Amino acid sequence: MTDLSDYQQVLTPNYGVPSTIIVKGRGCRLYGQNGESYLDLAGGIAVSALGHCHPDIVKTLTEQANRVWHLSNVLANEPAIHLAKALVDATFADRVFFCNSGAEANEAAIKAARKATNELFGKEKYEIICFDESFHGRTIATIAAGGQPKYRKGFGPMPDGFTHIPINRGDILERAVSEKTCAILVEPIQGEGGVRPICPKLFEKIRKHCDRVNAALIVDEVQTGMGRTGKLFAYQHSCITPDILTSAKSLGCGFPIGAMLCREWISEHFVPGTHGSTYGGNPLGTAVAGKALETINQPELLSNVLSRGEQLMQGLNELNERYKLFKTIRGKGLLIGGVLKEDYEGQSGKLTKLTMQEGLMTLAAGPDVHRFAPPLIISESEIDEALTMLAQAYCHFIKQT
């Protein structure tokens, strides 16, 4: 049987050392090598929207695996066409480009925005306005776009053309936008940046500024999309229409797939040879994502997201009255984060370890935020169970701090 010493010998150390090896998952639970059980409120970092080994997803994947796995993009396949049509029907988009991850989707969005605005409005239009603490992936372009300098350390020089400003500061945004601005790239809720929602009024201002200078509004919904906030995509809580949207994570419910959705005025500049992806739109990934989209985009499931989110938020607030750990608890639907008080700053990682010891998987969002992103199918009783485990973990945390 393999163990963690084997992991340390053969895998690169960029993820640190895991605490356990998982061998099985069912629903909202994961199981380790020794039979230990964990209730999953991490969801593979907001990926496992339908839990683990959802029977409909397994059936779809198995059936497609018995048909055809891979085709180059000089050929078409039915699952990719069906998924693209379903995404277009469910959103603002006219066209879809498929890839394999959120970072790739954001790379495609950056290229598409620059290509379209450059050809329409001139070569000086290349600047992309991004936000402090944002996260858009780990490629060179996406760490340049991201607002967290720690991810850029050691990888310079960075590509230019990315300007970072504080989130929820309309005055600074107004001064930053110029005729050079080709796009504004924003997450409706910053996930890795601390579960920090964008102010609805600022979202409206971003759209107006994009219209004013002929820039594209790129909405990164890699973490907030596919039902996570109680709508299929978080932008749908507003009256705002993006020009480009990126999706991944829950799009495949654990199977690698990403997508860039865009309006016609963007896509018409993505002519043959402009961009591509060897595995993008492969039959396996698009078949799984098609079934995931069909399953998630149902009133009953989206209603469960809102109900369980309210239950978790209320439970966390009640625990906070007892343990007084958090300055605030924020988020939407089933993407929630507790912001640690000054006395406990920098210790979100310790909290995740303590919850793991109780049999509960949770997340950090930076050093100061305890994050929760469970499967969207989580039940009322499972939330109650999680809150009991959290009470134990928070009690131990207070005693050890």
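Taking this note's numbering as reference, the numbering of the sequence shown is continuous, increasing by one, and the terminal residue is 405.
C-beta: ideal position from N, C-alpha, C; glycine also.
All of these numbers come straight from a predicted model, not from anything done at the bench.
Report the residue from the options whose alpha carbon sits nearest the alpha carbon of residue i.
i, options, result
"Tyr348", "Thr405, Asp215, Val181, Asp136", "Thr405"
"Thr24", "Met365, Ser281, Ala252, Gly313", "Met365"
"Cys32", "Asn38, Glu268, Leu45, Val21", "Leu45"
"Ile270", "Thr121, Tyr11, Gly36, His86", "Thr121"
"Lys357", "Leu380, Gln396, Ile333", "Gln396"
"Thr233", "Leu221, Gly350, Ser254, Asn218", "Ser254"
"Lys28", "Leu15, Leu65, Gly55", "Gly55"
"Val275", "Ile382, Phe96, Asn70, Phe101", "Phe101"
"Ile202", "Thr299, Lys295, Asn218, Leu177", "Leu177"
"Gly174", "Gly160, Thr185, Lys209", "Lys209"
"Asn321", "Leu355, Leu391, Ala90", "Leu391"
"Gln194", "Thr167, Val223, Glu183, Glu272", "Val223"
"Ala368", "Leu15, Leu34, Ile49, Val62", "Ile49"
"Ala220", "Lys63, Val14, Leu265, Ala90", "Leu265"
"Ile61", "Ile85, Arg30, Arg142", "Arg30"
"Ser383", "Val309, Met317, Ile333, Leu329", "Val309"
"Glu304", "Gly126, Leu355, Lys63, Ile381", "Ile381"
"Lys354", "Tyr398, Glu272, His273, Asn38", "Tyr398"
"Ser281", "Cys103, Met317, His273, Gln318", "Cys103"
"Ile85", "Gln318, Gly285, Gly319", "Gly285"
May I have the straight-line CA-CA distance separating residue i from residue j, to the nearest angstrom?
i, j, result
"Lys115", "Leu297", "26 Å"
"Glu137", "Pro153", "9 Å"
"Gln302", "Ala113", "28 Å"
"Val199", "Gly341", "5 Å"
"Gly289", "Gly256", "7 Å"
"Gln12", "Phe259", "25 Å"
"Pro170", "Arg267", "27 Å"
"Val72", "Pro204", "44 Å"
"Thr299", "His74", "24 Å"
"Lys235", "Gly229", "8 Å"
"Phe376", "Thr185", "35 Å"
"Gly197", "Asp372", "10 Å"
"Thr6", "Leu124", "56 Å"
"His400", "Tyr283", "46 Å"
"Gly335", "His168", "23 Å"
"Ser352", "Gly370", "7 Å"
"Ser9", "Leu249", "41 Å"
"Gln361", "Val343", "21 Å"
"Leu329", "His140", "29 Å"
By Cβ distance, which residues of its chain are closer than 6 Å to residue i, with the 5 residues on each side in sequence left out?
i, result
"Ala252", "Ser105, Gly106, Ala109, Val226, Gly262"
"Lys345", "Lys331"
"Asn172", "Cys203, Leu206"
"Leu87", "Thr290, Ala293, Gly294"
"His273", "Lys119, Ala120, Glu123"
"Gly319", "Leu391"
Within a Cβ cutoff of 8 Å, which residues of the same chain sit near residue i, ignoring the five residues on either side of it in sequence?
i, result
"Met162", "Ile144, Ile147, Ala148, Arg156"
"Glu40", "Thr24, Gly363"
"Gly36", "Thr24, Ile25, Ile26, Val27, Tyr42"
"Asn279", "The identity of residue 279 in the sequence shown is His, whereas the question assumes Asn. Correct list, in chain order: Phe101, Ala112, Lys115, Ala116."
"Val217", "Val181, Ser182, Glu183, Thr185"
"Met393", "Leu43, Thr359, Glu362, Gly363, Leu364"
Tell me whether residue i is buried or exposed, calling it buried when 16 or more other Cβ atoms sit within 10 Å of its Cβ.
i, result
"Arg312", "buried"
"Cys57", "exposed"
"Val292", "buried"
"Thr359", "buried"
"Asp247", "buried"
"Tyr19", "exposed"
"Ser307", "exposed"
"Ser52", "buried"
"Pro17", "exposed"
"Tyr166", "The sequence shown places Phe at residue 166, rather than the Tyr named in the question. Phe166 comes out buried."
"Lys129", "buried"
"Leu338", "buried"
"Thr95", "buried"
"Thr66", "exposed"
"Gly231", "buried"
"Leu15", "exposed"
"Gly277", "exposed"
"Gly126", "exposed"
"Phe159", "exposed"
"Gly150", "buried"
The ligand ADP and residue i: does any heavy atom of the ligand fall closer than 7 Å to the residue's C-beta?
i, result
"Glu268", "By its list of ligands, the structure shown contains no ligand whatsoever, and the ligand ADP lies outside what it can speak to."
Short of 7 Å in beta carbon distance, which residues of its chain neighbour residue i, apart from the five on each side in sequence? Order them along the chain.
i, result
"Ile402", "Tyr327"
"Pro83", "Gln68, Pro287, Thr290, Ala291, Gly294"
"Val92", "Asp98, Val100"
"Phe207", "Ser242, Ile244"
"Ile118", "One point to set straight first is that residue 118 is Arg, not Ile, in the sequence displayed. Contacts found: Tyr130, Cys186."
"Pro379", "Cys32, Asp44, Gly47, Ser52, Ala53, Leu54, Gly55"
**Asked** Pairing CB atoms from the stretch 198 to 216 with CB atoms from the stretch 382 to 389, are three or more of them under 8 Å?
**Response** Under the Cβ criterion (8 Å, minimum of three pairs), the stretch 198 to 216 does not count as touching the stretch 382 to 389.
**Meets three-Cβ-pair contact criterion under 8 Å: the stretch 236 to 245 and the stretch 70 to 79** = Too few Cβ pairs lie closer than 8 Å, so no.
**Request:** State whether the stretch 126 to 141 contacts the stretch 182 to 194, with contact taken as three or more CB pairs (one from each stretch) at a distance under 8 Å.
**Result:** Taking 8 Å as the limit for Cβ pairs, the verdict is that the stretch 182 to 194 does touch the stretch 126 to 141.
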